[in-house]
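Visitor: Respectively, the protein sequence lines represent chains A and B. Each residue of the first sequence is one higher than the last, beginning at 0 in numbering that gives the first Met the number 0. Each residue of the second sequence is one higher than the last, beginning at 0 in numbering that gives the first Met the number 0. By construction, the Cβ of each residue, glycine as well, lies at the ideal position given by its N, Cα and C atoms. This one's a predicted model, so the numbers in the text were calculated from it and none came from an experiment.
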Amino acid sequence: MSSSTTPALPMHEIRAEATWLQRNKMIVTPLLFLLPGMLFFAVYVIFPIFQSFGISLYRWDGLGEATYIGLANYEELLTDRNFEISLVNNVKWLVLYLLAIPLGLFIALFLNQTVVGIRLYKSLFFFPFVLSQVVVGLVFSWFYLPREGLLNTIIMGLGFDSLNILGDPTLATYGIIAAGLWPQTAYCMILYLTGLNAVDPEQVEAGRLDGAKGWKMLWYVILPQLKPATFIAFVVTIIGALRSFDLISIMTNGGPFGSTRVLSFYMFERALSEFGFRMGYGSAIAVVLFLIMLVFIGYFLWQMWRDERDARRG
Amino acid sequence: MFPTPIEKRSRAARITYQSLLPLALILWLLPLIAVMVFSIRPFSDFTQGNYWGVPSSFEFFTNYGMVFFESDMPRYLLNSVFITVPTVIGAVALSCMTGFALGIYRFRGNLLIFFMFIAGNFVPFQILMVPVRDLTVDMGLYDTKLGLILFHVAFQTGFCTLFMRNFIRALPYELIEAARVEGVAEWRIFWFVVLPLMRPAIAALSVLIFTFIWNDYFWAIVLTQGPDAQPVTAGITSFNSQFVAQYHLMSAGSIVAAIPPVAIFFLMQRHFIAGLTLGAVK
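#1: For isoleucine 126/B and chain A, any beta-carbon pair shorter than 8 Å?
#2: Assess, as a yes-or-no matter, whether the stretch 227 to 242 of chain A is touched by the stretch 199 to 211 of chain B under the definition of 3 or more beta carbon pairs within less than 8 Å.
#3: Starting from alanine 100/B, trace the alpha helix (DSSP H) both ways and give me its first and last residue.
#4: From the beta carbon of isoleucine 88/B, is the nearest beta carbon of chain A less than 8 Å away?
#5: Quick one: what's got a C-beta closer than 7 Å to lysine 182/A's C-beta in the same chain, skipping five residues either side?
#6: For alanine 118/B, tell me which candidate among Val294/A, Arg308/A, Ala310/A and Arg311/A has the shortest Cα-Cα distance.
#7: Please identify the residue among Tyr120/A, Thr28/A and Trp141/A whose C-alpha is closest to the C-alpha of asparagine 239/B.
#8: Out of Gly182/B, Phe265/B and Leu101/B, state which residue places its alpha-carbon closest to the alpha-carbon of leucine 119/A.
#9: Between arginine 107/B and valine 193/B, what straight-line distance do the alpha-carbon atoms span, to the nearest angstrom?
#10: Could one say the Cβ of tryptophan 218/B lies closer than 8 Å to chain A's Cβ atoms, at least one of them?
#11: Can you find a CB in chain A that lies within less than 8 Å of the CB of tryptophan 213/B?
#12: Please list the terminal residues of the continuous alpha helix (DSSP H) segment that includes glutamate 204/A.
#13: Cβ closer than 7 Å: which chain A residues qualify as neighbours of methionine 267/B?
#14: Buried or exposed: where does asparagine 111/A fall if 16 or more other Cβ atoms within 10 Å of its Cβ makes it buried?
#15: Look up glycine 275/A in the DSSP assignment and give the residues it is bridged to.
#16: Given this structure, state the Cα-to-Cα distance separating alanine 184/B from proline 199/B, to the nearest angstrom.
#17: Thinking C-alpha only, which one of Leu29/B, Pro260/B, Met96/B and Gly274/B is nearest leucine 76/B?
#18: Between phenylalanine 40/A and isoleucine 220/B, what straight-line distance do the alpha-carbon atoms span, to the nearest angstrom?
#19: Alpha carbon to alpha carbon, what distance is there between leucine 77/A and isoleucine 263/B?
#20: Do you know offhand how far isoleucine 189/A's Cα is from tryptophan 19/A's?
#21: Where do the ends of the alpha helix (DSSP H) carrying glutamine 229/B lie?
#22: Tell me whether the beta-carbon of serine 243/A lies closer than 8 Å to the beta-carbon of tryptophan 92/A.
#23: At a cut-off of 7 Å, would you count leucine 77/B as near the ligand SAM, judging by its Cβ distance to the nearest heavy atom?
#24: What three-state label does DSSP hand threonine 18/A in the structure shown?
#25: Per the contact definition of three or more C-beta pairs closer than 8 Å, is the stretch 251 to 269 of chain A in contact with the stretch 277 to 294 of chain A?
#26: Asparagine 49/B and serine 55/B look like a contact to me (Cβ under 8 Å); what is the Cβ gap, rounded to whole Å?
#27: Buried or exposed for asparagine 23/A, please, with buried defined as at least 16 other CB atoms from any protein chain shown within 10 angstroms of its CB.
#28: How would you list, in chain order, the residues of chain A whose beta-carbon sits under 8 Å from the beta-carbon of threonine 4/B?
#29: What does the Cβ neighbour count give for glutamine 291/B, buried or exposed, with the cut at 16 atoms within 10 Å?
#30: Which residues in the same chain as glutamate 6/B place their Cβ atom closer than 8 Å to its Cβ, once the five residues preceding and following it in sequence are excluded?
#31: Under three-state DSSP, which class holds threonine 113/A?
#32: Is there a Cβ of chain B sitting closer than 8 Å to that of serine 131/A, yes or no?
#33: Comparing alpha-carbon positions, which option in Leu33/A, Gly158/A, Leu225/A and Leu149/A lies nearest leucine 110/B?
#34: Around the Cβ of asparagine 72/A, are there at least 16 other Cβ atoms within 10 angstroms (buried) or fewer (exposed)?
#35: With DSSP collapsed to three states, give me the class of threonine 66/A.
#36: Assess, as a yes-or-no matter, whether the stretch 96 to 106 of chain B is touched by the stretch 154 to 163 of chain B under the definition of 3 or more beta carbon pairs within less than 8 Å.
Right, here's the structure in full:
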């Protein structure tokens, strides 16, 4: 591939260019192209990960001297009740957020028709995903308002007592997760709509001839073909669940009584809010969250690596 | 096609489906519709407890006029534009190059570098927060738009590289080989052969990154404060404390904050969805 000297070039240029650079251009070129992007990424993403590991071993208020305290921050985490609440809430988020995948599939199946105006319906079903989480959070906190909110107007209209969802420590987290499911379901829906579009019609016909329909058809013929869409839906939903921060910050700010904290929010609270600037302790929380995410990241990368390998063979 | 096309079903099924569609949509968008109704009500409706009855007057112009002329909202919106547009340009430019390097050349460590970009793109923001904030303060860029832009460009390069590299992989490699046989220099191959073919990918990524950055909230509150540099997502919380409990104005404010990415989405829908669903089909 690297034989680039052609008769088309004048003689003197060939001689001038047959330098070290010329011989190694298939290595030098990609390196030069990678350099700016890698530099940025290293400075702002890769190094900070390691720095955070380091900071988590110190007591530091972000301004003065940092004191090395070994694993003391992590020991404190073990007995920190708020850390425990955050961790449990993270599990709730992870499990309930995954509902976005079947919900998205359900809506996609509902909308996968060709009636007049269906394109507009698809866009309108999708567009909550385009809203910022801040707006989604505000919209839902007003929707949930005990007196003014539409939800309670409907609930009371049906003859039930009104619910103060975000003011109730046992309900608040679920209320926020429901708000988060709204855009996330829209995302999964669009992934599945794209996937359904590419389903092989011949296989569907063959399935019909074999007498498969309804659930059986979905399970044995359609879902296997939707596997790439499901994988991406799974990746973005897991990452989204563990990243949840904006909604909590907007809707409850961690309350009531700290019952809606998750690790990402608790870390921010410890390191950068009126609760004090405990950078070391905050970093320790971030490291725990990172390690949890690393399990999933590792799994995703492993899957992608297998695809790459298969693509190379195929 | 699955499920069975509705045209092949009975007339009753068709009619049920056609009438179910708008109902489902209204139910799906109900929280948003509620906010839209709030945003055109007069303040008196709220003091009199008329939350969901017929609005006593139509105050669209008064409420939205307040947002645009009596608050800091226009500044926040402008900040968002000045943060988002340079980020889009920077991240797309960098990732065209990284994507080209990783998609075209075979060298040791290629896949490793590629996977580093992907992995970095998935990490929780909190593990970056303290060092990135420190770095930004040290560079004298705390509470500036540039400080936010630099970080966003760097972080988005991860996702953009994943996107661009996979896109370039799918291009016909013979084109590049043919250019090499012709003796075209490598950077010229990038500029004159590959870049023109990447136009759809650049469009899709630009639209996506615009939305992601416009909607960012976490980094806005970590790296900026106050109306000089804060984008609209962070500014809206100050806006809401200025008009506390005035739901008609707060609703109008959040709708205004949401409009630019929504407009971009509806205008560039094809690109947006192509970008978002990359990889959903093999």
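Guide: Let me lay it out:
#1: yes
#2: no
#3: Where alanine 100/B is concerned, the enclosing alpha helix (DSSP H) starts and stops at 72 to 103.
#4: no
#5: The residue asked about is misnamed: residue 182/A is proline in this sequence, not lysine. If we look at proline 182/A and ignore the five residues flanking it on each side, its Cβ neighbours are Pro127, Phe128, Leu130 and Val135.
#6: Val294/A
#7: Trp141/A
#8: Looking at the Cα atoms, Phe265/B is the closest of the given residues.
#9: 22 Å
#10: no
#11: yes
#12: 200 to 208
#13: Going along chain A, no residue has its Cβ under 7 Å from methionine 267/B, so there is no contact; the nearest lies around 11 Å.
#14: It counts as buried.
#15: Ser272/A
#16: 24 Å
#17: Cα-wise, what sits closest to leucine 76/B is Pro260/B.
#18: 21 Å
#19: Computed Cα separation, rounded: 47 Å.
#20: 50 Å
#21: Counting along the chain, glutamine 229/B falls outside any alpha helix (DSSP H), and DSSP gives it neither H nor E.
#22: yes
#23: Inclusion of the ligand SAM in the displayed structure is not the case, the ligand content being empty and no account of it being possible.
#24: Threonine 18/A: coil per DSSP, three-state reduction.
#25: yes
#26: Between serine 55/B and asparagine 49/B the Cβ distance is about 6 Å, and since that is below 8 Å, they are a contact.
#27: exposed
#28: The amino acid at residue 4/B is misidentified as threonine; the sequence shows proline. Correct list: Gln112 and Thr113.
#29: Because chain B spans 0 through 281 in this model, residue 291/B falls outside it and cannot be assessed.
#30: Arg13
#31: Looking at threonine 113/A - three-state DSSP - the assignment turns out to be coil, as it is neither helix nor strand.
#32: Contact with chain B is found for serine 131/A, since one of that chain's Cβ atoms lies less than 8 Å from the residue's Cβ.
#33: Leu33/A
#34: buried
#35: strand
#36: yes
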